[in-house]
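Student: Following this message is one structure expressed as structure tokens.
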Amino acid sequence: MVNHVIRVKDVKNKESCEIQCFLEPNCVSYNLERILTEIDGIHKCELNDVTHEGNNDDLVEDENYYYRGAENVCLTNPYKNNATCHSGNTGGGNCCLCTAGFKGQICEEVAVSSCKEAYEKKLINSSGGATILMDSIETSVFCHAGDFGRGDGFWTPVLKINGNKRTFHYDSKFWMNKKEYNLPRGLTGIDQEETKLLTYWNTSFSKICLGMKINQQLRIGFGTGGPHDDNNTCGIDTSMALLDNGERHIKGMGYIFVQ
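207 is the number that the working numbering gives to position 155 of the sequence shown; each next residue is one higher, with no gaps.
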């Protein structure tokens, strides 16, 4: 096989050449030198990224080499939506590289990265669970449909904060790092469970909604610790008795959504 060599290795036997092809992700065939070199009985092992199937013109007879190729499953598998198939000697048979917006074993499923996109592609039409793709990782979230004071539409959850806990205190590393927290709770809606989703650092947005829930009522606002109660990571904390409602130290649930 000519014109498709991606790497050349020095080996001592056929088995070693096969191992080198196995270790190279894009290798699907190899040419092994028949004649030993003068250095310690070494053969040249040429690794190819195609087989003879569909490339017969490049399969040239050479008395100094013999050729071995894997079955090219990419010629028969029904990949869809302009996916790229990679066939290799990896034991897995083949690998499918989907184009943007698709997923699945043969790239037959529509992939979305936000609740808004899920609605636009007709995967959802009301509030409820949806699967979005973030960093090639599928994450289940509860999409919220409606107007939260920032316009109508489908909102993607990002963060849920419990003001009674210090998980998201203002000096918490969760505000700056790319580490998720309690992913399953991204699917449970507006409740008392905290979560930080992959959408926190992955989702592009043009609108953001910050909401606070106290005594079953939704309000706007966040508290992040400090006097009077440093443990109040989300809520209302006022210490001026002259205010209309007097002094208040209330902890609540905070929510961040984007669209």
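Note that the Cβ used here is the ideal one computed from N, Cα and C, for glycine as well.
Alpha carbon to alpha carbon, what distance is there between K248 and Y233?
Tutor: As a working mapping, residue 233 is identified with position 181 in the sequence shown. As a working mapping, residue 248 is identified with position 196 in the sequence shown. Near 5 Å, if we compare the C-alpha coordinates of K248 and Y233.
Student: Quick one: what's got a C-beta closer than 7 Å to G144's C-beta in the same chain, skipping five residues either side?
Tutor: Taking the sequence shown and counting its residues from 1, the one referred to as residue 144 is at position 92. A caution first: G144 carries a pLDDT of 47, below 50, which makes its placement in the model unreliable, though a value can still be read off. For G144, where only same-chain residues beyond five positions count, there are no Cβ hits under 7 Å.
Student: Mind checking which residues open and close the beta strand (DSSP E) that includes F309?
Tutor: Here residue 309 corresponds to residue number 257 of the sequence shown, with the count starting at 1. Element bounds for F309: 305-310.
Student: Would you call the CB atoms of M53 and N116 closer than 7 Å?
Tutor: Looking up residue 53 in the sequence shown gives position 1. Looking up residue 116 in the sequence shown gives position 64. Result no, Cβ atoms of M53 and N116 do not sit closer than 7 Å.
Student: Determine the DSSP secondary structure at I71, reduced to helix, strand or coil.
Tutor: Here residue 71 refers to the residue found at position 19 of the sequence shown. The answer is helix: DSSP assigns I71 an H, G or I state.
Student: Put D62 into one of helix, strand or coil per three-state DSSP.
Tutor: As a working mapping, residue 62 is identified with position 10 in the sequence shown. Three-state result, D62: strand.
Student: Can you give me the C-alpha to C-alpha distance between E160 and I266, rounded to a whole angstrom?
Tutor: The count along the sequence shown starts at 1 and reaches residue 160 at position 108. The count along the sequence shown starts at 1 and reaches residue 266 at position 214. Between E160 and I266, the C-alpha separation is close to 44 Å.
Student: Mind checking W227: buried by the 16 CB within 10 Å criterion, or exposed?
Tutor: Working through the sequence shown from its first residue, we reach residue 227 at position 175. With fewer than 16 other Cβ atoms within 10 Å, it is exposed.
Student: Fully enclosed by the stretch 191-252, which beta strand (DSSP E) runs are 3 residues long or longer?
Tutor: Those beta strand (DSSP E) runs which fall completely within the stretch 191-252 and span 3+ residues are 206-214.
Student: Output needed for L239: all residues of its chain with C-beta closer than 8 Å, excluding positions within five of it in sequence on either side, in chain order.
Tutor: The sequence position of residue 239 within the sequence shown is 187, counting from 1. So the qualifying residues of the chain are G181, S192, V193, F194.
Student: Would you give the residue range spanned by the alpha helix (DSSP H) that C167 belongs to?
Tutor: Residue mapping note: residue 167 aligns to position 115 of the sequence shown, counting from 1. C167 -> alpha helix (DSSP H) spans 167-172.
Student: From which residue to which residue does the beta strand (DSSP E) around A152 run?
Tutor: The residue given as residue 152 occupies position 100 in the sequence shown. Counting along the chain, A152 falls outside any beta strand (DSSP E), and DSSP gives it neither H nor E.
Student: Applying the criterion that 16 or more other CB atoms from any shown protein chain within 10 Å of the CB defines a buried residue, is S178 buried or exposed?
Tutor: Residue numbering aside, residue 178 sits at position 126 when the sequence shown is read from its first letter. Per the 10 Å Cβ criterion, exposed.
Student: Find the nearest neighbour of G93 within the set G121, D62, T151, judged by alpha-carbon distance.
Tutor: Along the sequence shown, one-based indexing puts residue 93 at 41. Minimum Cα distance to G93 is reached at D62.
Student: Mapping the DSSP letters down to three states, classify N254 as helix, strand or coil.
Tutor: In the sequence shown, counting from the first residue as 1, residue 254 sits at position 202. Helix.
Student: Bridge partners of T103, per DSSP?
Tutor: Reading the sequence shown from its first residue, position 51 is the one you call residue 103. Its beta-bridge partners do not exist; DSSP assigns none.
Student: Where N133 and S166 are concerned, what is the direct C-alpha to C-alpha distance, given to the nearest angstrom?
Tutor: The sequence position of residue 133 within the sequence shown is 81, counting from 1. The sequence position of residue 166 within the sequence shown is 114, counting from 1. If you take the alpha carbons of N133 and S166, they lie about 21 Å apart.
Student: Report the three-state DSSP secondary structure of T142 (helix, strand or coil).
Tutor: Sequence index remark: in the sequence shown, residue 142 carries index 90 (1-based). Because the pLDDT of T142 is 43, which lies under 50, any placement of that residue in the model is unreliable, and the question is left without a value.
Student: Which residues mark the beginning and the end of the beta strand (DSSP E) in which C286 is found?
Tutor: In the sequence shown, residue 286 corresponds to position 234, counting from 1. Counting along the chain, C286 falls outside any beta strand (DSSP E), and DSSP gives it neither H nor E.
Student: In angstroms, rounded to a whole number, what distance separates the CA positions of C261 and G203?
Tutor: Translated into the one-based positions of the sequence shown, residue 261 becomes position 209. Translated into the one-based positions of the sequence shown, residue 203 becomes position 151. Their backbone Cα atoms lie some 10 Å apart in a straight line.
Student: Kindly identify the DSSP beta-bridge partner or partners of S81.
Tutor: Here residue 81 corresponds to residue number 29 of the sequence shown, with the count starting at 1. Note: S81 sits in a beta bridge opposite N100, G121.
Student: Given a threshold of 16 other Cβ atoms within 10 Å of its Cβ, counted over all protein chains shown, does Y222 qualify as buried or as exposed?
Tutor: Here the question's residue 222 lines up with position 170 in the sequence shown. Exposed, since its Cβ has fewer than 16 Cβ neighbours within 10 Å.
Student: Can you give the Cα-Cα distance for W253 and N55, rounded to whole angstroms?
Tutor: Position 201 of the sequence shown, counted from the first residue, corresponds to residue 253. Position 3 of the sequence shown, counted from the first residue, corresponds to residue 55. Cα to Cα, W253 sits roughly 43 Å from N55.
Student: Using the rule of at least 16 other Cβ atoms within 10 Å of the residue's Cβ for burial, across every protein chain shown, is P209 buried or exposed?
Tutor: The residue given as residue 209 occupies position 157 in the sequence shown. Label assigned to P209: buried.
Student: Look up V162 in the DSSP assignment and give the residues it is bridged to.
Tutor: Position 110 of the sequence shown holds residue 162. DSSP output for V162 lists F154 as bridge partner(s).
Student: I'd like to check one pair, G121 with T136: are the Cβ atoms closer than 7 Å?
Tutor: Here residue 136 refers to the residue found at position 84 of the sequence shown. Here residue 121 refers to the residue found at position 69 of the sequence shown. Cβ distance not < 7 Å, so T136 and G121 don't count as in contact.
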